[in-house]
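Since the structure comes first, as structure tokens, the remarks are kept for the end.
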Amino acid sequence: MSPPIEDYALISDLETAAMVGRDGSVDWLCLPRFDSPACLAALVGTEANGFWRIAPVGSVAGGACTRRAYRPDTLVLDTVWETPTGTARVTDFMPPRTQLPCVVRMVEGLSGSVCMRSELRLRFHQGRVVPWVRGDGHCTVAVAGPDAVWLDTDGPVRVNGGVDATVWDVTVQAGRRLALTLTWSPSHQPEPPTPLSVPAETSLKETAGFWRRWSAQCRYRGPWREAVVRSLITLKALTYAPTGGIVAAPTTSLPGCIGGTRNWDHRYCWLRDSTLTLSCLLHSGYREEARAWLDWLVRAIAGDPDDLQTMYGVAGQRLMPETEAPWLAGYEGSRPVRFGNSAVGQFQLDVYGEVLDTLCLSLRAGIPMPAHVWELVEALMGFLQRHWREPDQGLWQVRGPRRQFVHSKVMAWVAADRALRMGRLLGRTGSSGEWRAMRAEVHRQVCRHGWDGDRRSFVQAYGSSALDASALLIPRVGFLPARDERVWGTVRAMSGLGQGGFVRRFAPYGPGGDGMPGREGAFVACSLWYADALAATGHPGPAQEVFERVLAIRNDVGLLAEQWDPESGRQLGNAPQACSHLALVETAFALSAPPGVRPASRR
């Protein structure tokens, strides 16, 4: 059995990330970027696919620490083991990158004496390639193809040739501190890189200081500040600093159904989250990050609107072919393990509304935009005017026949509405008559064909009676006011998607499914949308109950995956998931706002 998904904590240098388990093992690391091939891949395989464990000698694989926590307002992780002979702490962090990526792990004795062991087993190219490992005193290097990873230690290491692992043993007594630094470099560079330009202790202080200064900018002052700050730190950690792109998650193929095939690669940037991302950053006071995200978005979507994709790479790249890795056993046997994502080629109408909503929000917030943005608006609207009546694959990227999804049509309405708003703000009204007519036609069509009179609710697709949690966004995007009886009817109907106090995105079986086998968990973001909608329709008490229920399923260091399974009490899906943490922040702002004020509204 693999450790539960919630056993993992995140560390990041704002260009890539590592996942650290409660047993002291780094089981996932891609170098040098989020979307690079993994060199530690035990998370979706076995130890034979790469790991780096630091723990007391004699602790078996899977043996959890005594306690762990991030240092307040930072991404510095402390993991503590209490043993019969003493107590030791491992401090893990990744300094925000200035040159080469590195992972620093500091071992410290707190009381008595503890025999600690570091075991590093590198496997390049998604856990498949065994590198050539050689040691030289306190330093070892593993080389394969274009990659070289150097391990620098405060003490001698030995190479276990039988398993191609690097082992380091040390006894730490109270007050003794030692550091291990793992650094990636291109393999064609013959000399070992300088792992840190300053001592590890200094780097630790600088890294902690960076995160504390960044966290202090948060504007939220409500009752859930700790959860909000932790979510914002997580979002910052998922940001690719050179471009401003934010990945949906740092992992791939953590399953939505244990043992099933709902295993996707989320190490990319989704347009569906673009407005929520910008809104979250602006509400929280992170204007620089909001502008960087907008800049990434405008660069990524530049070109023919016919070629607008559902997602892009961290640098804005368009090609991310989906492949499978049969040499990886999968998380708890959940196969296949996928790299890349074929949903990139799907037709999704909602992304046009998301992009125009993001541009409109940016303009209203006073964020400077490139001069050609209005040309982009006209191009996107020209495409939508020709194609909005067509079926698509929808918000949930169904791998089946295209349908007339209600949410997709609502977002087409959003596109026309925001284009009109931007035109008024910029004094560009030449096409306003055509766009106004389109907006009215979309609205009439959705209210006629997307409404189920028997259910008294908006449904997933025209001609269907299946519910879909995306209908909870109707008041947020301004399609209908929250006081409209159809909105409350839809919110009330969402009990049909309930699962142990949480909300699924749609019914797991039947015509409302996504064309994939297996039952998935409840989507964390959907439960938070439900809380938002309850609050907007005048039910703050139940809204807060739902929100508190979501807060209770965070792991011990405050992280959320994509889904939650109330039956097994486990997190599911890739983790930590940006959309879950974005929704948490927005809901906290909404529930903390004075009566009558809706900061989460995108109107």
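Be aware that the sequence shown starts at 3, since it is given in this note's numbering, and climbs by one per residue. Note that CB positions come from ideal geometry on N, CA and C, so glycine has one too.
- At a Cβ-Cβ threshold of 8 Å, S255 and V46 count as neighbours.
- In the three-state scheme derived from DSSP, where H, G and I count as helix and E and B as strand, D454 is classed as strand.
- Counting along the chain, the unbroken beta strand (DSSP E) around P58 starts and ends at F53 to P58.
- Here DSSP, grouped into helix, strand and coil, assigns T236 to helix.
- Inter-segment contact for the region 421 to 432 and the region 459 to 468 is absent: fewer than three beta-carbon pairs are separated by less than 8 Å.
- For T142, the enclosing beta strand (DSSP E) begins and ends at C141 to A146.
- The beta carbon of F212 lies closer than 7 Å to those of P98 in the same chain, with the five residues before and after it left out.
- P393 and S410 have their alpha carbons spaced roughly 9 Å apart.
- According to DSSP, residue pairing for S14 in a beta bridge involves A19.
- For A167, the enclosing beta strand (DSSP E) covers residues A167 to Q175.
- With contact defined as three or more Cβ pairs closer than 8 Å, the region 343 to 352 and the region 55 to 73 are not in contact.
- Distance from the CA of T183 to the CA of R556, rounded to the nearest whole angstrom, comes to 30 Å.
- Residue range D352 to R366 is occupied by the alpha helix (DSSP H) that includes Y354, with no beta strand (DSSP E) assigned at that position.
- Of S594, A595, V587 and R320, the smallest CA-CA separation from V231 is found for V587.
- Scanning its chain for C-beta atoms nearer than 6 Å, with the 5 sequence neighbours on each side dropped, one finds around D419 the residues R441, in chain order.
- Nearest neighbour of T196 by Cα position, chosen from W272, V172, P370 and L102, turns out to be L102.
- Under DSSP, the beta-bridge partners assigned to R91 are V82 and E110.
- Distance between T245 and G455, taken at the CA atoms: about 47 Å.
- Annotated three-state conformation of Q565 is strand, per DSSP.
- Beta bridge pairing from DSSP links A463 with F407.
- The Cβ-Cβ distance between L12 and A239 falls below 8 Å.
- DSSP, reduced to helix, strand and coil, places Q191 outside both helices and strands of the structure shown, so it counts as coil.
- Bounds of any alpha helix (DSSP H) do not take in G137; it lies within the beta strand (DSSP E) bounded by W134 to D138.
- Look at L574 here: in three-state DSSP terms it is strand.
- Looking at the DSSP output, W186 shares a beta bridge with V151.
- Distance check between D267 and each of A146, M313, R293 and D308 places M313 closest, using alpha-carbon atoms only.
- In the displayed model, C259 falls within coil according to three-state DSSP, outside both helix and strand.
- Taking 8 Å as the upper bound for CB-CB distance, V59 and L206 are not in contact here, some 24 Å apart.
- For W298, the CB contacts under 6 Å within the same chain, skipping 5 residues up- and downstream, are T245, G246 and G247 in chain order.
- R215: member of the alpha helix (DSSP H) spanning A202 to S217, first to last residue.
- Between the region 534 to 545 and the region 279 to 286, the count of C-beta pairs closer than 8 Å stays below three; the two stretches do not touch.
- Secondary structure note for W295: its alpha helix (DSSP H) is the uninterrupted segment R289 to I303.
- Excluding the 5 residues flanking it on each side, W226 has same chain C-beta neighbours closer than 6 Å at A590, in chain order.
- In this model, P323 and A57 are separated by some 38 Å (Cα to Cα).
- If you look at W531, you'll find it in the alpha helix (DSSP H) that goes V526 to A538.
- Under DSSP, W30 shares a beta bridge with M21.
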